[in-house]
Amino acid sequence: MRRNYYYLTVITMLTVAFAASGCEKVKREEEKVPVEIMNVKKEDLKESLFYVGDIKAKDEAIIYPKVTGKIIEEFVAEGDSVKKGDELVAVDRDEVGFQFEKAPVESPIDGIVGRVYVDIGTTVSPQVPVVLVVNMDRVKVKINVVEKDLPKIKEGQIAHVEVDAYSGEIFEGKVEMVSPIIEIASRTAVIEVGISNDEHKLKPGMFARVTIDVLKRKGVSCVLRDAVIREDNEMYCFVIKEDKAYKTKIIPGVEEGEKIEVIEGIKAGDIVVTTGQQNLKDGQSVEVIYKGARK
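Here you go:
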């Protein structure tokens, strides 16, 4: 009798344990993590580099007198247009035997008088600047490009330039010079962007923001940056299949804004999680609460 009671007790305990285990398993299977998702699409992307610099005239000349003396005449004022060879100021040569003999100071280039450094009566010498002439029909921006970006930049690439004075307006230029050397102290190389400036909107000294498009990719699979998890220098997305999320390694390509090209790992048409990844484990069930990219 006691033996039968013992067996009955053991069977009852095992039944309860299995039932509890089954309930816990069902409970785990029924747990679904709420997520937001998006469909992977094919889009055109471009890689751009962003730098800043100062506007300078393409050609400019700081002009010095050839003789020592006093300024006795000024023929130009700031803002005047001049041609190569035009007389800018005249110097009374302060030398014995050359009293009252004027020495003209001429412009070596066509342009606009940007600055007159002297007044009538100022004593000057060949070391004293008298006039600055700038050619503003074309301007340039010199930027210092870091070493890792240098292989991406080539002469002839299109650059877009913005300045605070004309908010929202974009001036198109081209990369016209790539320095063949890298400065050891800064690990940068000088890049020169040239811009047409027929209306003279861009003034020397203006602060400029420069965008250079270095690579364009057409019809590539891409995801939002929010969908990507970075771990140990590798990148992953959670891909949804039959209401479950699977952690999938991806190989990224071009990045533009909030979009990242995916070279391997997922393809157009796949569904990936954009919000809720922090609560997910590989193979976990999910409940979709929003589909699409939030603005």
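Numbering (the numbering used here), first residue to last: 702 to 996. From the three backbone atoms N, C-alpha and C, an ideal C-beta is built for every residue, glycine too.
First and last residue of the uninterrupted beta strand (DSSP E) at residue i
i      : result
MET837 : 832 to 847
VAL819 : It is not in any beta strand (DSSP E) - VAL819 carries neither H nor E in the DSSP assignment.
MET739 : 734 to 740
MET907 : It is not in any beta strand (DSSP E) - MET907 carries neither H nor E in the DSSP assignment.
LYS960 : 960 to 965
HIS901 : Taken as a continuous stretch (DSSP letters only), HIS901 belongs to no beta strand (DSSP E), as it is neither H nor E.
ILE859 : 859 to 864
ASP793 : 788 to 794
ILE972 : 972 to 976
ALA969 : That residue, ALA969, is in no beta strand (DSSP E); it is neither H nor E in DSSP.
LYS803 : 803 to 807
Which of helix, strand or coil DSSP assigns to residue i
i      : result
PRO881 : coil
GLN828 : coil
ARG888 : coil
ALA758 : strand
SER985 : Per the sequence shown, the amino acid found at residue 985 is Gln instead of Ser. Three-state DSSP puts GLN985 in a strand.
LEU851 : helix
TYR765 : coil
ALA778 : coil
ALA946 : strand
ALA928 : helix
ILE990 : strand
Proximal residues to residue i (C-beta, below 7 Å), its chain only, five neighbours per side dropped
i      : result
ASP793 : GLY770, LYS771, ILE773, PHE801, LYS803
GLU807 : GLY786, ASP787, GLU788, LEU789
GLY857 : LYS875, VAL876
GLY780 : ILE813, VAL814
ASN980 : VAL734
GLU935 : LYS950
ASP865 : PHE908
LYS743 : GLY920, VAL921, SER922, ALA969
ILE885 : none
C-beta contact flag for residue i and residue j at 8 Å
i      : j      : result
ILE896 : VAL840 : yes
VAL831 : ILE764 : yes
VAL736 : GLY984 : no
TYR937 : LYS945 : no
GLY822 : VAL783 : no
GLY815 : VAL834 : yes
VAL973 : ILE738 : yes
ASP838 : ASP933 : no
VAL862 : VAL894 : yes
ALA762 : PRO809 : yes
VAL940 : ILE964 : no
ILE913 : SER749 : yes
GLU959 : ARG926 : yes
PRO881 : VAL825 : no
Cut-off 8 Å between Cβ atoms - residues of its own chain near residue i, not counting five sequence neighbours on either side
i      : result
ASP745 : LYS917, ARG918, LYS919, GLY920, VAL921
THR889 : ASN845, VAL846, VAL847, GLU848, ILE883
GLU962 : LEU746, ARG918, VAL921, SER922, CYS923, PRO953, GLY954, VAL955, GLU956
SER887 : ASN845
ASN836 : ALA758, LYS759, ASP760, GLU761, ILE810, ASP811, GLY812, ILE813
Buried/exposed call for residue i, threshold 16 Cβ in 10 Å
i      : result
MET878 : exposed
PHE644 : As displayed, the chain neither begins before 702 nor continues past 996, which places residue 644 out of reach and without an answer.
ILE859 : exposed
ASP820 : exposed
LYS982 : exposed
ASN644 : Because the chain is modelled from 702 through 996, residue 644 falls outside the range shown and cannot be assessed.
ALA758 : buried
ALA778 : exposed
PRO827 : exposed
ILE990 : exposed
THR975 : buried
Own chain partners of residue i with C-beta closer than 6 Å, once the 5 adjacent residues on each side are dropped
i      : result
ILE844 : TYR752, GLY754, ILE892, VAL911
TYR818 : PRO830, VAL831
GLU988 : LYS733, PRO735
LEU903 : ILE756, VAL840
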